[in-house]
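First residue of the sequence shown: 170, per our numbering; consecutive thereafter. Only one structure is covered here, and it is reproduced in the block below.
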Amino acid sequence: MKYSFRNDYGEIGNPEIIKILLESAYEQTPGYGLDPYTKALEIKFRELTKEDLNLYLVSAGTQTNMILIDKALENYEAVIAVDTGHVNVHETGAIEGSGHKILITPGIDGKLTPEGVLKILEEHVDFHMVIPKLVYISNSTELGTVYRLEEIQALYRLCQEKGLYFYIDGARLASALASSVANYTLADIAKYSDAFYFGGTKNGILYGEALLIKNKQLKENFHYHLKNKGGMLAKSYVVAKMFLRLLEDDLYLKHARHANYCAEQLIKGLDLLAVPHLPPNHTNQIFLTLSNETIARLSEDYKFDIWSPGKKESMIRLVTSWATDIKMCEEFILDLKKILNK
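Printed below as a string of structure tokens:
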């Protein structure tokens, strides 16, 4: 195998971040979020966003989504999400397993619209049906697209008007913020949401997600809920240290810009070869369609996911990361060109 474009968490982590952990390997630190590093990280997020956010460190994205959504909802309440949403298609029924239905609506380029939310609200009218209570989006989306500020604002204002929670899955939030179409900052994400999480696993740390809650009702007894659901980390200070370095000197944006740049170079090469791919793409995920024969030959040297298999041709996903070697992007395009005889 020459190289893997399978995901953005296939490398252990940035050596600068690993170095910090090694240098403090023998430091004795309180657990369960009672340490100075977790507190310093919470203060840092509050400074960056100008919002009174509570911080909770969790190990993985699915766990973060499930725990937050379960805290927000009664058993007779439901989540509204786009049909391609991560909670709907890639979390093995975690939300349903915690007792909550997911109400899906078609999106536009993977993005949820106010019209889609309103349609679901109009369809759920009495006590024979669940109550839609939380609106879920991911940014960037599962198709690699990015919400504009006005789209986020419209969803948040609708949620405020209808008494719904608005929650943003930020597994790849850094990639969204670093994209050429993002007309907002982390502060805007905090301002126009009730809760969101800032992804670390897919942005160069060993593991971990930073769940940030602004809504007072969601904050209430959340530590108890986190512990009850098995999400409280004894060594949360380890994750906090990694995030503190990620935020220092905007390292998280440097990571994301590199990943986005590598994806952009791949797209330029695909366009020159007239290979169809899902538009628009502004982050680090690329979805392209190739013949199954071409895919089989590429698979001899490269790893990637087959996203949508077909009889004659299939859609595959390429993902770049903070660690992607730009030379391997160029080599991938050259190898594809040879296979296509172009």
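C-beta atoms are modelled at their ideal positions from N, C-alpha and C, and glycine is treated no differently.
Integer Cβ distance of I273 from V251, believed to fall under 8 Å: 7 Å
Three-state class that DSSP yields for I374 in the structure shown: coil
If you follow the beta strand (DSSP E) that N223 is in, where does it begin and where does it stop? N223 to V227
6 Å Cβ shell around L217 - same chain, five flanking residues per side excluded: L355
Any chance the segment 178-188 sits against the segment 315-323, with 3 or more Cβ pairs inside 8 Å? no
Thinking Y334 and K385 are a contact (beta carbons under 8 Å), I'd like their distance in whole angstroms, please. Wrong, their Cβ atoms sit about 12 Å apart, outside the cutoff.
Kindly indicate which three-state DSSP category H269 falls into: helix, strand or coil? coil
Along the chain, which unbroken stretches of the alpha helix (DSSP H) at least 4 residues long are found entirely within the segment 327-407? 342-346, 355-360, 385-388 and 391-397
Three-state secondary structure assigned by DSSP to F296: coil
Can Y366 and G339 be called in contact, C-beta distance under 8 Å? yes
A241 versus I382 - alpha carbon distance: 11 Å
How should Y221 be labelled, buried or exposed, when 16 other C-beta atoms within 10 angstroms of its C-beta is the threshold for buried? Checking the sequence, you will find Asp at residue 221 rather than Tyr. So D221 ends up on the exposed side.
Inter-residue Cα distance where the pair is V512 and L467: Limits of the chain in this structure are 170 at one end and 511 at the other, which puts residue 512 out of reach.
Taking the alpha carbon of P283 as the reference point, which residue from F473, E319 and S349 has its own alpha carbon closest? E319
If you draw a straight line from the C-alpha of A492 to the C-alpha of G182, how long is it? 8 Å
Among S477, N450, N372 and P448, nearest to S114 - alpha-carbon criterion: Since the first residue shown for the chain is 170 and the last is 511, residue 114 is missing from the structure and cannot be characterised.
Backbone secondary structure at P301 - three-state DSSP: strand
Chain-order list of residues whose beta-carbon lies under 7 Å from that of Q232 (same chain, five-residue window excluded): G400
Taking the CB atoms as reference points, tell me whether I464 and D474 lie closer together than 8 Å. no
Shorter than 8 Å from the beta carbon of K481 to some beta carbon of chain D? The structure shown contains no chain D; it is built from a single protein chain.
Determine the direct distance from the alpha carbon of M497 to that of G254, and round the result to whole angstroms. 30 Å
What does DSSP give as the partner residues of R215 in its beta bridges? Partner(s): none; R215 has no beta bridge.
Under the three-state reduction of DSSP, which class applies to R317: helix, strand or coil? coil
Look at L415 and G368 and say whether their C-beta atoms are less than 8 Å apart. no
Limits of the unbroken alpha helix (DSSP H) element including Q434: L420 to L441
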